[in-house]
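> Residue numbers (the numbering used here): 195 to 380.
I have a structure here, written as C-alpha cells, and I will follow up with some questions on it.
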Amino acid sequence: MVREPGLGPGTPSSVSRLWTATLRPYLSAVRATLQAALCLENFSSQVVERHNKPEVEVRSSKELLLQPVTISRNEKEKVLIEGSINSVRVSIAVKQADEIEKILCHKFMRFMMMRAENFFILRRKPVEGYDISFLITNFHTEQMYKHKLVDFVIHFMEEIDKEISEMKLSVNARARIVAEEFLKNF
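In C-alpha cells:
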C-alpha cells in the first residue's frame with residue numbers, strides 16, 4: 195500500500211477523501227432518480243377547466259402520483275423525491291451532527307427560503323421532516339433544460355454541506371479566540 199507523506203487516518207485531506215468517497219454514490223443515485231422523475235408533461239386539472247396545478251402538491255388523484263423515493267446517505271441525511279404526471283417535489287434533509295450544525299442549517303435555510311422568488315423552483319416551506327424543498331413543474335422543464343435543473347439540485351446539495359462545514363469551522367475558530375481573550379484576564 196502506497197501512502198502519501200503526512201496523510202494519516204485523521205488528517206484533513208484523508209477525511210475529505212473519505213467524505214467525497216461516500217458522497218459520490220449518494221449524489222449519483224439522486225441524479226439518476228431525478229433524471230428519471232423529470233419526465234413531466236402538461237396535465238390540466240380534472241376538476242376546474244383551464245387550471246393546471248402541480249399534482250404532487252394538490253394530490254387530487256391517486257393515479258397521477260408516482261411512488262415516492264427516499265435516498266439516504268445515513269439516518270439524518272436523505273432526499274425524498276415525490277413525482278407526479280406534471281411535477282416533482284425534491285425534499286432534502288441536511289446532515290446535522292451537533293447543535294451548532296442544527297442552528298447554522300436552520301438559519302441558512304431560513305435565509306434561502308426568504309428569497310424563494312429568486313430561486314424559481316424553491317418552495318417557501320419544506321416538507322415535514324426535511325430542511326428544504328424544491329418544486330419542479332412541467333413549465334420549469336419547458337422553460338429550462340432538464341439536465342441543468344438536475345445539476346442545480348446536485349450542486350446545491352454539494353455546496354450546502356461545504357457551506358455549513360465552513361461556517362461551523364469559522365464559529366469554532368471565533369469561539370476559541372474569544373475564549374483565549376477571556377481567559378487572559380485570569
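By construction, the Cβ of each residue, glycine as well, lies at the ideal position given by its N, Cα and C atoms.
When you compare only the Cα positions, how much space is there between Phe-328 and Ser-359?
22 Å
> If you check the beta carbons only, do Glu-150 and Arg-283 fall under 7 Å apart?
Because residue 150 is not part of the residues shown, which for the chain are 195 to 380, the question remains open.
> Quick check on the burial criterion: 16 or more other C-beta atoms within 10 angstroms. Buried or exposed for Ala-369?
exposed
> Look up Arg-225 in the DSSP assignment and say whether it is helix, strand or coil.
helix
> What three-state label does DSSP hand Phe-313 in the structure shown?
Coil.
> Suppose the cutoff is 7 Å on Cβ atoms and the five residues either side in sequence are ignored; what does the same chain contact list for Arg-225 look like?
Val-344, Ile-348
> Any contact between the region 335-343 and the region 218-238? By contact I mean 3 or more CB pairs, one from each, below 8 Å.
Contact between the region 335-343 and the region 218-238 is present, because at least three Cβ pairs lie under 8 Å.
> So, is Asp-292 buried or exposed, given that buried needs 16 or more other C-beta atoms within 10 angstroms?
exposed
> Of the choices Lys-247, Arg-309, Ile-326, Val-321, whose alpha-carbon is the least far from that of Cys-299?
Just measuring C-alpha positions, the residue of Lys-247, Arg-309, Ile-326, Val-321 sitting nearest Cys-299 is Ile-326.
> Report buried or exposed for Ala-287, applying the criterion of at least 16 other Cβ atoms within 10 angstroms of its Cβ.
The C-beta of Ala-287 has 16 or more other C-beta atoms within 10 Å across all chains shown, which makes the residue buried.
> Where Val-242 and Ser-254 are concerned, what is the direct C-alpha to C-alpha distance, given to the nearest angstrom?
Computed Cα separation, rounded: 11 Å.
> Would you list, in sequence order, the uninterrupted alpha helix (DSSP H) runs of no fewer than 4 residues that lie entirely inside the region 238-324?
249-252, 293-308
> Within a Cβ cutoff of 6 Å, which residues of the same chain sit near Arg-244, ignoring the five residues on either side of it in sequence?
none
> Go through the region 315-374 residue by residue and report every complete run of the alpha helix (DSSP H) that reaches 4 residues or more, in order.
332-337
> So which of Thr-216, Ala-223, Glu-322 has the shortest CA-CA distance to Ile-265?
Ile-265 has its Cα closest to that of Ala-223, out of Thr-216, Ala-223, Glu-322.
> Leaving out the 5 sequence neighbours to the left and right, which residues in its chain are closer than 6 Å to Met-307 when beta-carbon positions are compared?
Arg-318
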